[in-house]
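If you read the sequence shown in numbering that gives the first Met the number 0, its first letter stands for residue 0, the second for the next number, and so on.
Each remark here refers to the structure printed beneath this line.
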Amino acid sequence: MDNLSTKRILITGGLGYIGSETFKVAKEYSENLLAVDKLADVFGNVLSLDLKDAAKTSEIIINFKPDVIIHCATHSALAYRDHLLNSFQEDFFSTVNILNALAKMPNCRLIYLSSSYVYSGLTVHQNYDEYSALAPRHNFGIAKSFFEQFILKIHPNTVIFRLCSVFGSGQALHPNVILAFAEECLKNHSLTVWGKGERKLQYIYIKDVISIILRSFDLVGGIYNLGGDDYISTKDTAENIAKFFKVKVNFLENKPEGETLPFLSNQKIKNNLKNDLFTPFSIALAEYLKSLNKNEEVYS
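What follows is the structure in structure tokens.
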């Protein structure tokens with residue numbers, strides 16, 4: 000990541016899960032780093048900016064003159080599920096304001112975080128790559144699919160990552176199943192899972208996400224799937240977490256399970272970055288659970 004020191008990097012959503020973790024790592028390599036977020040930062044590390052404010056957004060981007068914008072400011076899948084119109088509206092105007100500011104900055108690399116939910120609605124019995132035809136069913140997938148094409152049409156110098164379920168250290172506003180299971184084990188000394196645990200998920204470790212983002216400044220523009228090599232059932236995940244915390248797991252087989260998304264091929268990003276990009280799930284999970292357990296011991 001030596002080239003980071005020569006880049007001027009702007010991160011939106013700097014107080015969000017991925018944005019804040021990316022900021023932590025990037026500031027170790029770059030002094031020309033600016034993070035913005037619509038929420039106030041009590042520590043003063045992140046500049047307060049509502050991206051819907053076109054004039055202010057343009058002013059900050061033009062004055063900072065970024066080489067790279069890492070656009071992490073977006074509503075969650077949960078927000079899109081419950082409030083589609085409002086979530087889309089805010090994300091649309093925020094993104095338009097960034098693109099308008101970049102109109103005379105074609106050499107600025109834009110990195111946009113999409114989602115594996117663009118593959119919702121497709122059969123789970125086969126794998127998909129970036130060239131597969133989409134027919135998203137989930138609100139989040141519909142919106143992300145639109146934003147992908149919209150952004151690439153206007154600013155071709157963009158890398159788009161279709162993220163699978165991200166887990167690891169940091170403050171996730173909407174924690175995924177791994178953190179939820181771990182917290183239940185720590186709090187209740189037991190774990191209860193809805194359904195038989197047949198739902199499958201493709202995870203990606205937060206450390207891998209950040210490493211790939213920060214190595215993608217000179218990547219060929221376009222869309223890349225970003226998910227690990229493993230496709231894990233909820234049952235296996237729950238049992239591994241319960242085993243780590245030495246608790247029993249109970250499956251409520253009459254309860255409904257969450258949606259299973261298809262497995263996404265990650266070969267394209269592997270071919271382009273050519274390295275061991277993805278931490279095996281078992282290793283990443285063990286490392287993460289140890290950190291949670293250590294934190295619990297500190298505060299208990």
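Idealized CB from N, CA, C, for every residue including glycine.
Simplified DSSP state of residue i, which is helix, strand or coil
| i | result |
| --- | --- |
| S19 | helix |
| Q216 | Residue identity differs from the one stated: residue 216 is Phe in this sequence, not Gln. Reduced to three states, the DSSP call for F216 is coil. |
| S185 | Note that residue 185 is Leu in the sequence shown, not Ser. Correct three-state label for L185: helix. |
| K199 | strand |
| G221 | strand |
| T11 | strand |
| A53 | helix |
| V35 | strand |
| V158 | strand |
| S29 | coil |
| N249 | strand |
| V123 | coil |
| V45 | coil |
| S264 | coil |
| Y287 | helix |
| L276 | coil |
| S164 | strand |
| L3 | helix |
| L172 | coil |
| L151 | helix |
| L178 | helix |
| Y298 | Unreliable placement is indicated for Y298, whose pLDDT of 38 sits below 50; the coordinate value is still reported in the next sentence. In the structure shown, Y298 sits in a helix (DSSP, three-state: H, G or I). |
| S232 | strand |
Same chain only: Cβ atoms within 8 angstroms of residue i, ignoring 5 sequence neighbours per side
| i | result |
| --- | --- |
| F22 | I10, G13, L32, A34, N44, V45 |
| I211 | F160, L225, I268, L272, L276 |
| S57 | N96, N99, A100 |
| K234 | V192, K195, G196, E197, F250 |
Beta-carbon contacts of residue i that lie in its chain and below 6 angstroms, excluding the five residues immediately before and after
| i | result |
| --- | --- |
| S113 | K143, E147, I159, R161 |
| Y287 | G167 |
| K199 | Y230, S232, T259 |
| S164 | N175, L200, Y202 |
| Y223 | F160, K267, I268 |
| G120 | A134, P135, R136 |
| N249 | T191 |
| D228 | F277 |
Residue i, buried or exposed, once every other Cβ within 10 Å from all chains shown has been counted against 16
| i | result |
| --- | --- |
| N274 | exposed |
| T5 | exposed |
| Y130 | exposed |
| H70 | buried |
| G257 | exposed |
| H188 | exposed |
| F244 | buried |
| V219 | exposed |
| N265 | buried |
| A102 | exposed |
| H154 | buried |
| H124 | exposed |
| A237 | buried |
| I61 | exposed |
| F87 | buried |
| L284 | buried |
| E89 | buried |
| I150 | buried |
| L251 | exposed |
| E197 | exposed |
| A132 | exposed |
Proximal residues to residue i (C-beta, below 7 angstroms), its chain only, five neighbours per side dropped
| i | result |
| --- | --- |
| K55 | L48 |
| I209 | E20, T21, V24 |
| L3 | A25, Y28, S29, L213 |
| P105 | N156 |
| G169 | Y16, S19, E20, I205 |
| Y127 | Y118, L121, P261, L263, S264 |
| R301 | The displayed coordinates of the chain run from 0 to 299. Any statement about residue 301 would go beyond what the structure contains. |
| S75 | L172, H173 |
| C184 | L190, I240, A241, F244, V246 |
Any chain C beta carbon closer than 8 angstroms to residue i
| i | result |
| --- | --- |
| N175 | Looking for chain C here will not work: only one protein chain is present. |
Cβ contact (3+ pairs, closer than 8 angstroms) linking the segment 173-185 and the segment 130-137: No: fewer than three Cβ pairs fall under 8 angstroms.
Examine the Cβ distances between the segment 79-88 and the segment 96-106 and report whether three or more of them are shorter than 8 angstroms. no
Hey, is the segment 198-207 in contact with the segment 277-285, meaning 3+ C-beta pairs nearer than 8 angstroms? yes
Considering only residues of the segment 47-117, which uninterrupted alpha helix (DSSP H) runs meet the minimum length of 4 residues and lie entirely inside it, listed in chain order? 53-63, 76-81, 83-100
Does the pairing of the segment 211-220 with the segment 176-186 give three or more beta-carbon distances under 8 angstroms? no
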